[in-house]
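Asker: Structure incoming, see below.
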Amino acid sequence: MWQGITTADLPSLLMDHQVPQDQFDAGTFYWRLDHSDGGADVIPAGYVEDAVFSTLGLLTHHDTLLADPDHDPEELALLAGALLDATKAILVSLPEDGQVREHLNLGGLHLNAYGGEMLYLLDQLNLDNDLEISDLDSETDFAGMRQDP
Numbered sequence: 006m007w008q009g010i011t012t013a014d015l016p017s018l019l020m021d022h023q024v025p026q027d028q029f030d031a032g033t034f035y036w037r038l039d040h041s042d043g044g045a046d047v048i049p050a051g052y053v054e055d056a057v058f059s060t061l062g063l064l065t066h067h068d069t070l071l072a073d074p075d076h077d078p079e080e081l082a083l084l085a086g087a088l089l090d091a092t093k094a095i096l097v098s099l100p101e102d103g104q105v106r107e108h109l110n111l112g113g114l115h116l117n118a119y120g121g122e123m124l125y126l127l128d129q130l131n132l133d134n135d136l137e138i139s140d141l142d143s144e145t146d147f148a149g150m151r152q153d154p
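Start counting the sequence shown at 6; every next residue gets the next number (our numbering).
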C-alpha cells in the first residue's frame with residue numbers, strides 16, 4: 006500500500022480519508038484507510054485522535070501553501086474546504102463539561118490526553134475569538150474562522 010507514497014501525497018490521502026458531508030460523522034476522518042471497521046464491529050469514523058491529527062496534517066499543508074506566493078489556488082481552496090468541514094465537526098462536538106471523549110459524537114472513554122490533543126489543535130487552528138458555534142452552519146470560509154496572523 007505505501008510503496009511509492011511520499012509525504013507530498015499526504016494531504017490528498019487525508020482529504021480522501023475525510024467522511025463526506027452526506028454521511029454520519031461528516032467532516033471527521035476514518036480510522037482505517039479502507040474506511041471499514043476492519044471487522045471490529047465499531048464505528049469506522051469520528052474518533053478524536055483521527056480528527057485531531059488529520060486536521061493538523063491538513064492545516065500544516067494549508068498554511069505552508071498560504072505562505073507560498075506561487076501556491077496553487079485550487080489546491081488551497083480544496084484544503085480550506087476540508088479544513089472547514091473538519092473544524093465544524095470538531096467544534097460542534099466539544100462537550101460543555103470539557104471532558105473530551107474518544108468519539109466526537111458518541112462519547113466513550115474519557116482520557117485527559119484527548120483533551121490535551123484537542124487543546125493543541127484548537128491553538129493551532131487559531132480560531133477567531135468571536136466565532137460562535139451557533140454561526141457554524143452559515144460559515145462557508147475557513148479563513149473567515151481564523152484570527153488574523
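For every residue, glycine included, the Cβ atom is placed at its ideal position computed from N, Cα and C.
1. For His108, verify whether its CB is less than 7 Å away from any heavy atom of the ligand FMN.
2. Mark Leu84 as exposed unless 16 or more other C-beta atoms lie within 10 angstroms of its C-beta, in which case mark it buried.
3. Tell me the DSSP secondary structure of His76 in three-state form.
4. Specify, as a first and last residue, the run of the beta strand (DSSP E) that Leu168 falls within.
5. Grab the span of the beta strand (DSSP E) containing His166 for me, first residue to last.
6. Leaving out five residues on either side along the sequence, give the residues of the same chain with a beta carbon under 8 Å from the beta carbon of His76.
7. Can you give, in chain order, each stretch of the alpha helix (DSSP H) that sits fully within the region 7-47 and has at least 4 residues?
8. In angstroms, rounded to a whole number, what distance separates the CA positions of His22 and His40?
9. On the premise that Leu15 lies in contact with Gly62, defined as a C-beta separation below 8 Å, what is that separation, rounded to the nearest angstrom?
10. Please report the distance separating the alpha-carbon of Asp73 from that of Val24.
11. Considering only the beta carbon of each residue, do Phe147 and Leu89 sit closer than 8 Å?
12. Can you check DSSP and say which residues form a bridge with Ala82?
13. Can you check which of these residues, Pro78, Pro100, Pro49, Gly149, is closest to Gln28 by C-alpha distance?
Answerer: Answer, in terms of the structure:
1. Only the bare structure without any ligand can be found here, which leaves the ligand FMN out of the picture.
2. One-based indexing of the sequence shown puts residue 84 at position 79. Looking at its Cβ environment, which holds 16 or more other Cβ atoms inside 10 Å, Leu84 is buried.
3. Working through the sequence shown from its first residue, we reach residue 76 at position 71. Coil, per DSSP.
4. Since the first and last residues shown for the chain are 6 and 154, residue 168 lies out of range.
5. Here the chain has residues from 6 to 154 only, and residue 166 is not among them.
6. In the sequence shown, the residue the question calls residue 76 occupies position 71. Here the set comprises Leu70.
7. If only uninterrupted alpha helix (DSSP H) runs of at least 4 residues are considered, those enclosed by the region 7-47 are 15-21.
8. Numbered from 1 along the sequence shown, position 17 holds the residue referred to as residue 22. Numbered from 1 along the sequence shown, position 35 holds the residue referred to as residue 40. His22 and His40 have their C-alpha atoms roughly 7 Å apart.
9. Looking up residue 62 in the sequence shown gives position 57. Looking up residue 15 in the sequence shown gives position 10. With 8 Å as the limit, Gly62 and Leu15 qualify as a contact, their Cβ atoms being about 6 Å apart.
10. Counting from one through the sequence shown, the residue named residue 73 turns up at place 68. Counting from one through the sequence shown, the residue named residue 24 turns up at place 19. Their Cα atoms are separated by approximately 28 Å.
11. As a working note, residue 147 is residue 142 in the sequence shown. As a working note, residue 89 is residue 84 in the sequence shown. A contact, by the Cβ cut-off of 8 Å.
12. As a first step, residue 82 must be located in the sequence shown, where it is residue number 77. BP columns for Ala82 are empty, so no partner.
13. The sequence position of residue 28 within the sequence shown is 23, counting from 1. The shortest Cα separation from Gln28 among Pro78, Pro100, Pro49, Gly149 belongs to Pro49.
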